[in-house]
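Heads up: the sequence shown at position 342 corresponds to 342 in the UniProt record's numbering, and the numbers run straight through without jumps.
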Amino acid sequence: MLQKVRRDVDASIARGKSLDRKARNAPYHKHKGRSMLDFTTDIQATPGEYSMEISLGTPPQNFIAIADTGSDLVWLQCSTCDVSFNGTLFDPSLSSTYSPLGCTECDVLGRSELTCTPNCQYTYNYADQSQTEGDFSLETLTLQNTNGTSTAIDNFKFGCGLRNQGTFSGTDGLVGLARGPISFPSQIAPFLNNVNKFSYCLLGRYDAESARSPLLFGESAVPANVSGTLFTPQLTPYEPSVIPFYYVNLLDVTVGSEALYIPASAFAIDGQGNGGFILDSGTTLTILNTVAYRCVVDTFVAQLGSRCPRVNLQDLTGLEVCYNITTEQIVHIPNMVFNFEAADFDLPFDNIMIQFTTTGTDTVMCLALLETTGLSIFGNIQQQNFQVLYDEDNLQIGWISNRMHRIEHFLRTECTALATEKFSGHYEPIFGYDFGFWLL
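This is the structure in structure tokens:
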């Protein structure tokens, strides 16, 4: 399990650098459509990422693809040319509705990474130098309605990947959930009465890989007047055509009962698009600007003091702050709250610490934070077991702070498969098996 932790750390660092570089170019255009029922699919943890189900083609071909709020392109592997790719292949020849985009449509999209020779071809780069290239195409997308029926959406734009390389193992492609015009939410909004809202609840990253929870699209994804729901304004420092990320305003972090008064400059966005704070389902660990990171880490270490022996596992894990808790029956750690504008995100233990066994028999817990000099990112470990709500129509992002809560009728499974109550500041590693980071 130590290898899983190191993999997630390395992937988070690489992705953070990539998103920081990419905060500059993404197109935007509007669609018109008709009102339909809300849509739902399943989301689950896969190695290094969270993935969702998607069906394309006539008749539908079914796939598992990475769900990513940090990018806008939807693509599937469409060729056997890349022998290193072991996912399920989308076969255009088996679909009666597949059509590659021509030069005119390619020009209208205005993407710098698109060329026309003669079809509309794309190149898209990701975090750790992963890349997809292929034909930008039209196909029929089949979605499951919340009442159990299905809806077919024609002319859905996606990438038919011909040359794909990188860390896509265990999946068949990627679904971009960001704010760009070709993103999944933007394209299906016209069929939801132009409602652009979605929500998910990410189960613990190290829970059973068979565990699933709903990913909802439409009005029901962001229910009104639900007790325990908190919202923070979504920032648009630039037009979504320039920067597609989900920016929010992080004001401070509270460790224990101590507000840190982190300087506003730590999360400021400059004229070149550098800096800021975003939510990203595709980044594993939260990454904080150096100023904020040092404030949080130094305060956390000081408050925990000598209650647990600290160990240096940075070379193995990439994480700075780790403790040996092998002999501890109850571990008390400081609370941690991310103070967003108008709303606080109160993190339970399993969203703060990663627990695992070393190559020997020691049980270790590490603080799930990384440092950056650029864009700060709220990763999926910190989001897990909360219902996270994306309301593009009202430019706000929210979460349901009571992890036991269910969105009635639509959320048919509990948000978390393991936790039975909201956690408040201590953890029982020997006797308490109710949390998401038991890597034994």
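For glycine and all other residues, C-beta sits at the position ideal for the given N, C-alpha and C. Note that the structure is a prediction, hence the values are computed from the model and not measured.
Once the 5 residues before and after residue i are set aside, which same chain residues still bring their CB inside 7 Å of it?
i, result
"W399", "L230, F345, F386, Q387, V388, L389"
"E105", "C120"
"G256", "Q303, P334, N335"
"V5", "T317, I354, F356"
"E408", "Low per-residue confidence applies at E408: pLDDT is 35, beneath 50, and the placement is therefore not dependable, though the value from the model is reported in the following sentence. Excluding positions up to five away in sequence, the list is empty."
"V184", "The sequence shown places Phe at residue 184, not Val. If we look at F184 and ignore the five residues flanking it on each side, its Cβ neighbours are V74, V175, G176, L177."
"S12", "T283, T284, L285, I287, L370, G379"
"S130", "Q165, G166, T167, F168"
"E139", "L56, G57, S95, T97, Y98, F156, F158"
"V311", "C322, Y323, N324, V364"
"N125", "Q131"
Residues bridged to residue i by DSSP?
i, result
"Y247", "L235, I278"
"L174", "I66, W75"
"F136", "G159"
"R310", "Y323"
"A259", "T254"
"F338", "V253, F345"
"C366", "C322, I354"
"F378", "L279"
"P214", "D42"
"T229", "I400"
"S55", "N62, T142"
"Y50", "A45"
"D391", "K197, Q396"
"P100", "S137"
"A152", "T142"
Do residue i and residue j have their CB atoms nearer than 7 Å?
i, j, result
"M365", "I352", "no"
"S71", "G176", "yes"
"L37", "N145", "yes"
"G218", "L192", "yes"
"I262", "I377", "no"
"E55", "T151", "It is worth fixing the name first, because residue 55 is Ser in this sequence and not Glu. No, they are not a contact pair."
"V296", "V253", "yes"
"Q384", "L202", "yes"
"I153", "V248", "no"
"D135", "C116", "no"
"I182", "K157", "yes"
"D280", "T69", "yes"
"A292", "A264", "no"
"R212", "Q44", "yes"
"T232", "F338", "no"
"L216", "S227", "no"
So, under 8 Å CB-CB, residue i and residue j are touching, yes? Tell me the CB distance rounded to an integer number of Å.
i, j, result
"F168", "G87", "7 Å"
"residue 451", "T290", "Here the chain comprises residues numbered 1 to 440, so residue 451 is not present and cannot be evaluated."
"S79", "S137", "At roughly 12 Å, the Cβ-Cβ gap does not stay under 8 Å, so S79 and S137 are not in contact."
"T132", "S51", "The pair is not a contact, with the Cβ atoms about 16 Å apart (cut-off 8 Å)."
"V222", "D391", "5 Å"
"residue 442", "D393", "Limits of the chain in this structure are 1 at one end and 440 at the other, which puts residue 442 out of reach."
"L260", "T299", "6 Å"
Can you list, in chain order, the residues of its chain whose CB lies under 6 Å from that of residue i, leaving out five sequence neighbours each side?
i, result
"L89", "Q77"
"P244", "A26, D72, A178, R179, G180"
"R24", "With a pLDDT of 42 at R24, under the threshold of 50, the modelled position of this residue cannot be trusted, and the question is left open."
"E49", "I66"
"A268", "G275"
"G425", "Residue placement at G425 is poorly supported in this model, since its pLDDT is 28, which falls under 50; the coordinates still yield a value, given next. Closer than 6 Å at the Cβ level, and outside the excluded window around G425, lie N335."
"R34", "Low local confidence applies: a pLDDT of 46 at R34 is under 50, so the model's placement there is unreliable, and no value is given."
"H31", "Residue placement at H31 is flagged as unreliable, the pLDDT there being 30, under the threshold of 50; the coordinate-derived value follows with that caveat. Only P190 meet the Cβ criterion."
"L367", "V321"
"L395", "Q234"
"E414", "Only weak support is given to the placement of E414: the predicted model assigns it a pLDDT of 38, under 50, and the value that follows is read from those uncertain coordinates. Within the same chain, E414 has no close Cβ partners at all."
"A342", "T232"
Leaving aside the five residues before and after residue i along the sequence, list all residues of the same chain whose C-beta is less than 8 Å from its C-beta, in chain order.
i, result
"P309", "Y323, N324"
"V9", "T284, L285, T317, G318, L319, L370"
"Y246", "T69, A178, R179, Q234, I278, L279, D280, Y390, I397"
"residue 449", "It is not possible to answer for residue 449, since the shown part of the chain is limited to 1 through 440."
"N147", "L37"
"T373", "N289, T290"
Less than 7 Å between CB atoms is the rule here; does residue i satisfy it with respect to chain D?
i, result
"Q387", "Within the model displayed, chain D is absent; a lone protein chain is all it includes."
Original post:
Does the stretch 348-366 come within contact of the stretch 271-283, defined as at least 3 CB pairs closer than 8 Å?
Top reply: Cβ pair count under 8 Å is below three, so no.
Subject >> Meets three-Cβ-pair contact criterion under 8 Å: the stretch 313-323 and the stretch 94-105 >> reply: No: the two stretches stay apart, fewer than three of their Cβ pairs being nearer than 8 Å.
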